[in-house]
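A quick write-up on the structure given underneath.
Numbering (full-length UniProt numbering), first residue to last: 1 to 296.
Here you go:
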């Protein structure tokens with residue numbers, strides 16, 4: 001049965017909630033009270049064609065929502081579960097929420113148990129759950145689902161037990177199907193991961209990395225990043241040692257020291273220039289000793 005129904009921005013109804021009970025519900029009221037909109041909302045929840053003209057003037061969309069209580073083993077519950085609906089069960093009764101929205105542009109969306117679903121699913125569930133008594137509305141009784149349900153009830157307890165067993169088996173089958181799909185998805189994901197790792201290993205193998213190569217590459221990167229500074233320091237040091245333009249007042253010790261200082265300034269960026277700076281320092285010490293001996 002429909003336990004509660006809420007309507008928003010449909011025709012003359014801004015926001016209304018109807019608390020309903022089991023059995024027959026009669027909708028009465030004066031002209032313009034909104035009876036037609038209640039039936040329209042019920043029709044939307046039963047999968048009827050939507051009409052943008054029914055959206056309240058000034059509203060962006062209209063919506064209808066219903067909370068239903070039903071037998072977990074009923075065809076409606078099974079169809080809702082098959083559509084992915086979340087059914088809350090307590091004390092042997094399942095609770096199902098149906099919803100439908102219609103925008104002022106005419107777009108419509110249906111929801112079954114909190115999940116988006118085709119409008120056709122609402123139509124199937126509506127035939128099982130609600131009978132509207134109006135002009136020619138009892139035609140549901142001519143449909144196969146209603147006749148099958150009546151036949152099941154006529155079969156009594158044996159058929160009822162068989163139907164419950166079928167419902168339990170159907171739920172287990174659905175759960176097993178979902179588990180199978182999950183395992184297949186995980187297997188495909190592991191396969192993609194393995195292929196990615198295999199490709200990465202192939203690339204690493206093609207690069208053929210060697211022990212200590214990281215340090216060498218880091219040193220080369222640092223050297224290339226300071227290439228202009230290194231080139232200038234080497235040029236100045238070279239000119240200090242061999243240039244013919246050096247003034248007569250410049251002595252050998254000072255020239256070697258100048259070359260050493262130029263190379264020391266960039267030694268952190270190029271180990272080779274640092275080694276040359278160390279050798280120039282040794283030359284400087286040697287020249288200083290020779291100069292001291294000659295002076296004595």
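Quick reminder that beta carbons are idealized off the backbone N, C-alpha and C, glycines included.
What three-state label does DSSP hand residue i in the structure shown?
i, result
"residue 266", "coil"
"residue 3", "strand"
"residue 115", "strand"
"residue 88", "strand"
"residue 254", "helix"
"residue 277", "helix"
"residue 109", "strand"
"residue 10", "strand"
"residue 25", "coil"
"residue 56", "coil"
"residue 31", "coil"
"residue 285", "helix"
"residue 143", "coil"
"residue 149", "helix"
"residue 131", "coil"
Under DSSP, the beta strand (DSSP E) around residue i begins and ends at which residues?
i, result
"residue 70", "61-70"
"residue 98", "93-103"
"residue 14", "13-19"
By a C-beta neighbour count over all protein chains shown, 10 Å radius and 16 as the cutoff for buried, is residue i buried or exposed?
i, result
"residue 161", "exposed"
"residue 204", "exposed"
"residue 150", "exposed"
"residue 301", "Residue 301 lies beyond the stretch modelled for the chain, which goes from 1 to 296, so this question has no answer here."
"residue 194", "exposed"
"residue 165", "exposed"
"residue 46", "buried"
"residue 147", "exposed"
Between the Cα of residue i and those of the options, spot the shortest distance and give me the residue it belongs to.
i, options, result
"residue 21", "69, 14 and 63", "69"
"residue 300", "186, 125 and 7", "Given a span of 1 to 296 for the chain in the structure shown, any question on residue 300 remains unanswerable."
"residue 89", "110, 73, 103 and 101", "73"
"residue 177", "212, 84 and 154", "84"
"residue 61", "172, 121, 104 and 14", "104"
"residue 43", "124, 57 and 173", "124"
"residue 128", "37, 145 and 120", "145"
"residue 86", "173, 92 and 111", "111"
Taking residue i and residue j to be in contact with their CB atoms under 8 Å, please state how far apart those CB atoms are, rounded to whole angstroms.
i, j, result
"residue 64", "residue 113", "About 15 Å separates the two Cβ atoms, so there is no contact after all."
"residue 273", "residue 233", "7 Å"
"residue 52", "residue 11", "The pair is not a contact, with the Cβ atoms about 12 Å apart (cut-off 8 Å)."
Along the alpha helix (DSSP H) that carries residue i, what are the first and last residues, could you check?
i, result
"residue 188", "156-207"
"residue 36", "35-45"
"residue 51", "That residue, residue 51, is in no alpha helix (DSSP H); it is neither H nor E in DSSP."
"residue 220", "213-225"
"residue 78", "75-82"
Against chain C, with Cβ distances strictly below 8 Å, would residue i count as a contact?
i, result
"residue 227", "You won't find chain C in this structure, because it holds only one protein chain."
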